[in-house]
Structures are given as structure tokens and as C-alpha cells.
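396 is the number of the first residue of the sequence shown in my numbering; add one for each residue after it.
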Amino acid sequence: MFRKLRGKPSKDLMRNGLLGRGLITNIEGTNVATGVGPDPKHVCIFTLEVALDNVPRYHATCRQAVSQVLLPALASGELFVAVRVNPDDHSEVAIDFDEALPDVRASEKDKAGSAAQVLAEGLPCRVVITRSAPMGMKNPAGVDMHGFQLTVTGEGLKPYQMKVGLPVPPEALPLVYPGSKVPAKRMPDREDAVVIDWDAALAEASTTT
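Given below as C-alpha cells:
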């Protein structure tokens with residue numbers, strides 16, 4: 396318990412945990428710090444969207460000490476980190492700051508597979524891409540996934556920001572840049588269920604060139 400409060404993952408988890416990728420969706424500070432000197436470590440609570448080989452992506456949290464030097468980068472858009480996951484309890488996750496980001500194979504049951512349903516049944520909206528980065532993984536159809544930070548707007552909708560991983564077809568890559576405004580669809584009962592409508596975005600782009 397004392398180790399957990401100080402934000403130090405177990406040695407067994409860091410040594411034997413499954414290696415995956417984590418998309419940082421939120422960082423919450425605490426009043427706990429460890430170490431002395433010019434670079435103390437601050438204990439933070441990280442919310443992550445975790446991706447493992449052939450496992451549907453899911454959300455987990457971890458309490459972990461992180462170098463003060465790294466915090467600005469993590470908070471300003473360095474979204475992806477390597478993670479270690481307890482093979483017997485996938486809710487136990489730790490960030491592995493010493494490991495390179497692995498490639499991950501998406502699951503056929505991944506929630507990204509619901510993108511077609513969102514596009515078919517969702518309400519129209521628009522999103523502004525504020526940040527994006529390749530996720531190092533493909534969806535079950537073999538399309539490269541990118542992590543996005545989006546501002547979502549729509550009729551009668553209070554604008555909000557979100558982070559999400561979405562597939563990007565090669566022909567749509569020119570539309571992926573900070574400030575790009577593209578059409579999307581959203582499920583009215585889930586703020587996190589937003590999918591960019593690349594067909595509509597490409598059609599719009601073709602009429603303005």
C-alpha cells in the first residue's frame with residue numbers, strides 16, 4: 396500500500412507485465428512528491444486508453460511518480476507511452492518510461508469496430524483537430540490508427556475536448572493537421588463516441604480545391 400501511495404509500480408509488474416501502448420487521456424496531480432534535489436518526482440493519477448495485442452482497447456488508471464522534467468511534455472500532447480499490464484488483471488497498469496513504444500495488433504472486437512455504427516446512426520457534428528499522432532497500430536481492416544485530440548462542436552452542443560484513437564485512410568492524411576476542421580458523427584448519449592467522417596471530409600476538400 397505504501398509503495399502504491401508513493402506511485403511506485405511493483406517490480407513484478409514492470410518485469411513480467413504485458414507490454415502495450417497507452418494513450419494518456421487525463422493527468423490529475425496529487426500532493427505527494429518523492430525524492431529530493433533539482434528533479435523531484437511528482438505522484439500523478441494517469442487515465443489511459445490501453446492497447447494490447449488482440450485485446451479490445453479499454454480504459455485504466457494508474458498512480459505513478461513521474462519526473463518533473465517529463466510532466467510538461469506529457470501534459471502538452473506527448474500522448475502515447477509504453478505500459479506494463481498485469482496478465483491476470485488488466486486493470487493493473489503502469490507506465491514504462493524506459494521502454495520504447497511497441498507495435499500492437501488491434502482486436503476484431505475493438506471498440507474502434509463500432510465506428511461504422513457511429514457513422515450510420517450518429518448525429519452530425521464537426522471537430523477541430525488540435526493534435527494528432529500515429530498510434531503504431533492498425534484497425535482490423537488494416538488501416539493505420541492515429542490518436543487525436545479534438546474539439547467537438549455541433550448544433551445545440553456545448554463545445555468540448557476529447558482524445559480518441561481513430562483509423563485514417565491514406566487519402567485522408569493531408570487533412571490531418573492542427574486546426575483542420577472536418578465533419579464527424581457522434582452518439583448523443585456518449586461524449587467519447589465521436590468518429591471523423593473521412594468520406595464527407597474528402598468530399599468537402601475536393602470542392603474547395
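All residues carry an ideal CB built from backbone N, CA and C; glycine is no exception.
Predicted, not measured: the structure shown is a model, and the values here were computed from it.
Same chain, Cβ closer than 8 Å to PHE475, neighbours up to 5 away in sequence not counted: As a working mapping, residue 475 is identified with position 80 in the sequence shown. Here the set comprises ARG416, GLY417, LEU418, ILE419, LEU496, ALA528, MET530, GLY531, GLY542.
Supposed close pair VAL589, PRO562 - CB separation, criterion 8 Å: Locating residue 589 in the sequence shown gives position 194, counting from the first residue. Locating residue 562 in the sequence shown gives position 167, counting from the first residue. About 13 Å; that fails the 8 Å criterion.
Any chain D beta carbon closer than 8 Å to LYS580: The chain inventory of the structure shown lacks chain D, comprising one protein chain alone.
Three-state secondary structure assigned by DSSP to GLY412: Your numbering for residue 412 matches position 17 in the sequence shown. In this structure, DSSP gives GLY412 a state outside helix and strand, which the three-state scheme calls coil.
Straight-line gap, HIS437 to ALA489 (C-alpha atoms, nearest Å): As a first step, residue 437 must be located in the sequence shown, where it is residue number 42. As a first step, residue 489 must be located in the sequence shown, where it is residue number 94. Taking the straight line from one Cα to the other gives about 15 Å.
Cutoff 8 Å; reference THR456; Cβ partners in own chain excluding five residues on either side: The residue given as residue 456 occupies position 61 in the sequence shown. Cβ neighbours of THR456 beyond the five flanking positions: ILE440, PHE441, THR442, LEU443, VAL488.
ALA477 beta carbon less than 8 Å from that of LYS403: If you number the sequence shown from 1, residue 403 lands on position 8. If you number the sequence shown from 1, residue 477 lands on position 82. In this structure, LYS403 keeps its C-beta atom at 8 Å or more from the C-beta atom of ALA477.
Nearest-angstrom Cα separation, counted from ASP484 out to TYR453: As a first step, residue 453 is located in the sequence shown; it is residue number 58 there, counting from the start. As a first step, residue 484 is located in the sequence shown; it is residue number 89 there, counting from the start. If you take the alpha carbons of TYR453 and ASP484, they lie about 13 Å apart.
With 16 other Cβ atoms within 10 Å as the buried cut-off, status of ALA507: For the purposes of this step, residue 507 is identified with residue 112 of the sequence shown, where counting begins at 1. Below a pLDDT of 50, predicted positions are generally treated as unreliable, and ALA507, at 45, falls in that range; no measurement from the model is reported.
Which of helix, strand or coil DSSP assigns to VAL590: The sequence position of residue 590 within the sequence shown is 195, counting from 1. Three-state result, VAL590: strand.
Coil, strand or helix - VAL513 by DSSP: As a working mapping, residue 513 is identified with position 118 in the sequence shown. In the three-state reduction of the DSSP assignment, VAL513 falls in the helix class.
Beta bridge counterpart(s) of GLU423 as assigned by DSSP: Reading the sequence shown from its first residue, position 28 is the one you call residue 423. In DSSP, GLU423 forms a bridge with ILE440.
Residues sharing a beta bridge with PRO529, DSSP: If you number the sequence shown from 1, residue 529 lands on position 134. According to DSSP, which records beta bridges pairwise, PRO529 is partnered with HIS541.
Pick from PRO565, ALA595, VAL522 that is closest to ALA515, judged by C-alpha positions: Reading the sequence shown from its first residue, position 120 is the one you call residue 515. For ALA515, the nearest C-alpha among the options comes from ALA595.
Start and end residues, beta strand (DSSP E) containing LEU552: Locating residue 552 in the sequence shown gives position 157, counting from the first residue. Boundaries of the beta strand (DSSP E) around LEU552: 552-562.
C-beta contact flag for GLY549 and PRO519 at 8 Å: Taking the first residue of the sequence shown as position 1, residue 549 is located at position 154. Taking the first residue of the sequence shown as position 1, residue 519 is located at position 124. Contact flag set, yes.
Nearest to LEU466 (by Cα), restricted to the options THR425, LEU413, VAL450: Working through the sequence shown from its first residue, we reach residue 466 at position 71. For the options THR425, LEU413, VAL450, the alpha carbon positioned closest to that of LEU466 is the one of THR425.
Which residues DSSP lists as bridging PHE475, in chain order: Your numbering for residue 475 matches position 80 in the sequence shown. Looking at the DSSP assignment, PHE475 forms a beta bridge with LEU418.
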